[in-house]
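Single-structure report; data block below.
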Amino acid sequence: MKISIFGLGYVGSVTGACLAELGHDVVGADVSPVKVDLINQGKSPIVEQDIDRILRDVVRAGKFRATGDVSGAVRATDLALVCVGTPSRPNGSLGLEAIKRVSGQIGSALKAHRRYFVVVVRSTVLPGTVEDVVIPILERRSGRKAGRDFGVCMNPEFLREGSSVHDFYHPPKHVIGELDGRSGGALLRIYRGVDAKVFRVPIKVAEMVKYCDNSFHALKVAYANEIGGLCREYGVDSHRVMDIFCSDTKLNISPAYLKPGFAFGGSCLPKDVRALASETKRLDLDSPILNAILPSNRAQIARTVKTLLPFKGKKIGFLGLSFKGGTDDLRESPIVEVIETLLGKGFDLRIYDKYVSIARLLGANKAYIEKEIPHIADLIEEDLGELAAFADVLVVANHSPEYGGLVRTLDRRKTLIDLVRIVGDPSKVKAAYRGSSW
Numbered sequence: 002m003k004i005s006i007f008g009l010g011y012v013g014s015v016t017g018a019c020l021a022e023l024g025h026d027v028v029g030a031d032v033s034p035v036k037v038d039l040i041n042q043g044k045s046p047i048v049e050q051d052i053d054r055i056l057r058d059v060v061r062a063g064k065f066r067a068t069g070d071v072s073g074a075v076r077a078t079d080l081a082l083v084c085v086g087t088p089s090r091p092n093g094s095l096g097l098e099a100i101k102r103v104s105g106q107i108g109s110a111l112k113a114h115r116r117y118f119v120v121v122v123r124s125t126v127l128p129g130t131v132e133d134v135v136i137p138i139l140e141r142r143s144g145r146k147a148g149r150d151f152g153v154c155m156n157p158e159f160l161r162e163g164s165s166v167h168d169f170y171h172p173p174k175h176v177i178g179e180l181d182g183r184s185g186g187a188l189l190r191i192y193r194g195v196d197a198k199v200f201r202v203p204i205k206v207a208e209m210v211k212y213c214d215n216s217f218h219a220l221k222v223a224y225a226n227e228i229g230g231l232c233r234e235y236g237v238d239s240h241r242v243m244d245i246f247c248s249d250t251k252l253n254i255s256p257a258y259l260k261p262g263f264a265f266g267g268s269c270l271p272k273d274v275r276a277l278a279s280e281t282k283r284l285d286l287d288s289p290i291l292n293a294i295l296p297s298n299r300a301q302i303a304r305t306v307k308t309l310l311p312f313k314g315k316k317i318g319f320l321g322l323s324f325k326g327g328t329d330d331l332r333e334s335p336i337v338e339v340i341e342t343l344l345g346k347g348f349d350l351r352i353y354d355k356y357v358s359i360a361r362l363l364g365a366n367k368a369y370i371e372k373e374i375p376h377i378a379d380l381i382e383e384d385l386g387e388l389a390a391f392a393d394v395l396v397v398a399n400h401s402p403e404y405g406g407l408v409r410t411l412d413r414r415k416t417l418i419d420l421v422r423i424v425g426d427p428s429k430v431k432a433a434y435r436g437s438s439w
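Throughout, our numbering is defined as the position within the sequence shown, counted from one, plus 1.
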């Protein structure tokens, strides 16, 4: 394909050189004459392993050239990759000046471009930027309609400085945020020969994935350092601890616990996080992440209460009382806190939890129920169908197969508040549906 690259920094130079090595005809555009001249001499404007050799070869072969002429770059190509910087402003917000400038230049050039053209944003931008900033500029400057006259995609990069060339050819994934299928199909073709799992998703999903990745990577570094600080105080080898931690690919390095939903609870996590946070204070260690976990969890509980407050006057039915499905353990169950808050505000509610009901009959957990939450115990229904008939609003508070079966039978008169994503595809639910974090 004929591809233009806008911005010849780390991302643009590596992307352009590697695409040229794959056989595409690439034109790089940049406002810096120095970068343009270096590229055209077959020299790299950045320091990166293997990039000098690749650039030298592809420039000699006539597969990669650079220019300062944006209009010429658009005229000569069928797809543009926007790789300009999005630096932080002094207040921490994202600087979109370069994105806006290049979008305007490409839009103006599209006025005279008769072939179907795809504009791909590869720069890191917040969700909504492509649809609310880039596309309006392109349409206004070109006089043409996105999705009809030209295509638009978001294609976040996953290149690490120092190993960018290797990362280009061995990416963790291809994320294609597409305005329409034609746009996404054109973008996907440029990566033929670069094997990785492909995700074709809405543009905003693609924008958010990059921030999700980078913030988690930063969190991992900061978390490991806080654990390291505690280990040092205890005389423990932090690397041995983290080696063991990372060897667990079932719970630690895995999708476990990484799905948005309701707050955590139970007899272990709150207690152990509380103990570590207390130790950081005793040892005078600045550990903001460990000390933020419980407040963050409480904030999720508060958000759930806020979601339910508008339903005062309606009959509320809770599906699940224990902190997770399949157990009768009510210790620090976050839904108990939600229920107690709503009761204090005069809500009319009932609860169904098969495991807690069994516990009452057999005596397990009986002392806790009678001592700590007797007022809640009186609200427990023994029959799931009766709870469903009672409630105007049903709140799914933990996972249980019977809850999944029930919610699919609810009619349009009911409202379903799903805290745990019991429903894979909300569009298939007849009841008015609201998710916790989706």
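Glycine included, C-beta positions come from ideal geometry on N, C-alpha and C.
1) Mind reading off the beta-carbon distance from residue 3 to residue 67? Whole number of angstroms is fine, and I expect it under 8 Å.
2) Residue 175 by DSSP, collapsed to three states: which one?
3) Roughly how many angstroms lie between the CA atoms of residue 179 and residue 431, to the nearest whole one?
4) Just how far apart, CA to CA, sit residue 287 and residue 272?
5) Residue 313 by DSSP, collapsed to three states: which one?
6) According to DSSP, is residue 265 part of a helix, a strand, or is it coil?
7) Determine the closest residue to residue 74 out of 114, 406, 155, with distance taken between C-alpha atoms.
8) Can you tell me whether residue 258 is buried or exposed, with buried defined as 16 or more other CB within 10 angstroms of its CB?
9) Closest to residue 283 by CA distance: which of 295, 170, 231 is it?
10) Taking all protein chains shown into account, decide if residue 151 is buried (16 or more other Cβ within 10 angstroms of its Cβ) or exposed.
11) Measure the C-alpha to C-alpha separation of residue 237 and residue 50 and round it to an integer number of angstroms.
12) Report yes or no: do the stretch 323–335 and the stretch 259–271 share at least 3 C-beta pairs separated by less than 8 Å?
13) Just the C-alpha distance for residue 112 and residue 139, rounded to the nearest angstrom, thanks.
14) Decide if residue 171 is buried, meaning its Cβ has at least 16 other Cβ atoms within 10 Å, or exposed.
15) Got a sec, what are the start and stop residues for the alpha helix (DSSP H) residue 111 sits in?
16) May I have the straight-line CA-CA distance separating residue 208 from residue 87, to the nearest angstrom?
17) Helix, strand or coil, according to DSSP, for residue 216 in the structure here?
18) Going by the beta-carbon positions, is the gap between residue 30 and residue 7 smaller than 8 Å?
19) Which first and last residues belong to the alpha helix (DSSP H) in which residue 339 is found?
20) The alpha helix (DSSP H) that contains residue 370, what's its start and end?
21) To the nearest whole angstrom, what separates the beta carbons of residue 328 and residue 369, a pair I think is in contact under 8 Å?
22) Just tell me which of 322, 130, 301, 255 has its CA closest to the CA of residue 401.
23) In angstroms, rounded to a whole number, what distance separates the CA positions of residue 19 and residue 218?
24) Name the two residues that bound the continuous alpha helix (DSSP H) containing residue 57.
25) Quick one: what's residue 1 bridged to in DSSP?
26) Could you give the distance in angstroms between the alpha-carbon of residue 57 and the alpha-carbon of residue 121?
27) Residue 254 by DSSP, collapsed to three states: which one?
28) How long is the line joining the alpha carbons of residue 59 and residue 298, rounded to whole angstroms?
29) Among 125, 119, 169, which has the Cα closest to the Cα of residue 146?
30) Indicate the three-state DSSP secondary structure (helix, strand or coil) for residue 350 in the structure shown.
31) Give, in chain order, every unbroken run of the beta strand (DSSP E) that is at least 3 residues long and sits entirely within the stretch 134–204.
32) Alpha carbon to alpha carbon, how far is residue 135 from residue 434?
33) Measure the alpha-carbon distance for residue 157 versus residue 415 and round it to whole angstroms.
34) Can you say whether residue 154 is buried or exposed, counting buried as having 16 or more other CB atoms within 10 angstroms of its CB?
35) Short of 8 Å in beta carbon distance, which residues of its chain neighbour residue 316, apart from the five on each side in sequence? Order them along the chain.
36) Check whether the Cβ atoms of residue 234 and residue 290 lie closer than 8 Å to each other.
Once the coordinates are examined:
1) Start at 1 with the first residue of the sequence shown, and residue 3 comes out as number 2. Start at 1 with the first residue of the sequence shown, and residue 67 comes out as number 66. Not quite, the Cβ-Cβ distance comes to about 15 Å (not below 8 Å), so this is no contact.
2) Translated into the one-based positions of the sequence shown, residue 175 becomes position 174. Strand at residue 175.
3) As a first step, residue 179 is located in the sequence shown; it is residue number 178 there, counting from the start. As a first step, residue 431 is located in the sequence shown; it is residue number 430 there, counting from the start. Computed Cα separation, rounded: 29 Å.
4) Reading the sequence shown from its first residue, position 286 is the one you call residue 287. Reading the sequence shown from its first residue, position 271 is the one you call residue 272. Rounded to the nearest angstrom, the two C-alpha atoms are 20 Å apart.
5) To locate residue 313, count along the sequence shown from 1; it is residue 312. Three-state DSSP puts residue 313 in a strand.
6) Here residue 265 refers to the residue found at position 264 when the sequence shown is read from its first residue. The answer is coil: DSSP assigns residue 265 none of H, G, I, E or B.
7) Here residue 74 corresponds to residue number 73 of the sequence shown, with the count starting at 1. Among 114, 406, 155, the Cα nearest to that of residue 74 is on 114.
8) Counted from its first residue, the sequence shown places residue 258 at position 257. It counts as exposed.
9) Here residue 283 is taken as the residue at index 282 of the sequence shown, counted from 1. Out of 295, 170, 231, 231 has the C-alpha closest to the C-alpha of residue 283.
10) Locating residue 151 in the sequence shown gives position 150, counting from the first residue. Classification for residue 151: buried.
11) To locate residue 237, count along the sequence shown from 1; it is residue 236. To locate residue 50, count along the sequence shown from 1; it is residue 49. Using only the alpha carbons, I get a separation of about 37 Å.
12) Counting Cβ pairs under 8 Å, three or more are found: they touch.
13) Within the sequence shown, numbered from 1, the residue matching residue 112 stands at position 111. Within the sequence shown, numbered from 1, the residue matching residue 139 stands at position 138. Rounded to the nearest angstrom, the two C-alpha atoms are 10 Å apart.
14) Residue numbering aside, residue 171 sits at position 170 when the sequence shown is read from its first letter. Exposed, by the Cβ-count rule.
15) Translated into the one-based positions of the sequence shown, residue 111 becomes position 110. For residue 111, the enclosing alpha helix (DSSP H) starts and ends at 98–111.
16) Position 207 of the sequence shown, counting from 1, holds the residue named residue 208. Position 86 of the sequence shown, counting from 1, holds the residue named residue 87. Their backbone Cα atoms lie some 13 Å apart in a straight line.
17) The sequence position of residue 216 within the sequence shown is 215, counting from 1. Note: residue 216 maps to helix in three-state DSSP.
18) To locate residue 30, count along the sequence shown from 1; it is residue 29. To locate residue 7, count along the sequence shown from 1; it is residue 6. Result yes, Cβ atoms of residue 30 and residue 7 sit closer than 8 Å.
19) Translated into positions along the sequence shown, residue 339 becomes position 338. Counting along the chain, the alpha helix (DSSP H) containing residue 339 begins and ends at 335–345.
20) Residue 370 sits at position 369 when you count from the first residue of the sequence shown. That run of the alpha helix (DSSP H) goes 367–373.
21) Taking the sequence shown and counting its residues from 1, the one referred to as residue 328 is at position 327. Taking the sequence shown and counting its residues from 1, the one referred to as residue 369 is at position 368. Wrong, their Cβ atoms sit about 13 Å apart, outside the cutoff.
22) Taking the first residue of the sequence shown as 1, we reach residue 401 at position 400. Nearest C-alpha to residue 401: 322.
23) In the sequence shown, residue 19 corresponds to position 18, counting from 1. In the sequence shown, residue 218 corresponds to position 217, counting from 1. Using only the alpha carbons, I get a separation of about 25 Å.
24) Sequence index remark: in the sequence shown, residue 57 carries index 56 (1-based). Where residue 57 is concerned, the enclosing alpha helix (DSSP H) stretches over 52–61.
25) Because the chain spans 2 through 439 in this model, residue 1 falls outside it and cannot be assessed.
26) To locate residue 57, count along the sequence shown from 1; it is residue 56. To locate residue 121, count along the sequence shown from 1; it is residue 120. The straight-line gap from Cα to Cα measures roughly 26 Å.
27) For the purposes of this step, residue 254 is taken as the residue at position 253 of the sequence shown. Three-state result, residue 254: coil.
28) Start at 1 with the first residue of the sequence shown, and residue 59 comes out as number 58. Start at 1 with the first residue of the sequence shown, and residue 298 comes out as number 297. Distance between the alpha carbons of residue 59 and residue 298 is about 52 Å.
29) The residue labelled residue 146 in the question sits at position 145 within the sequence shown. Closest option to residue 146, Cα to Cα, is 119.
30) Start at 1 with the first residue of the sequence shown, and residue 350 comes out as number 349. In the structure shown, residue 350 sits in a strand (DSSP, three-state: E or B).
31) 151–155, 175–179, 199–202
32) The residue given as residue 135 occupies position 134 in the sequence shown. The residue given as residue 434 occupies position 433 in the sequence shown. Whole-angstrom Cα-Cα distance: 32 Å.
33) The residue you call residue 157 lines up with position 156 of the sequence shown. The residue you call residue 415 lines up with position 414 of the sequence shown. Spanning the two alpha carbons is a distance of roughly 40 Å.
34) On the sequence shown, residue 154 is found 153 positions in, with the first residue counted as 1. With 16 or more Cβ atoms within 10 Å of its Cβ, residue 154 is classed as buried.
35) Within the sequence shown, residue 316 is the residue found at index 315, counting from 1. Once the five neighbours on either side are set aside, the close Cβ partners of residue 316 are 349, 350, 351, 391, 392, 393, 394.
36) Here residue 234 corresponds to residue number 233 of the sequence shown, with the count starting at 1. Here residue 290 corresponds to residue number 289 of the sequence shown, with the count starting at 1. No, they are not a contact pair.
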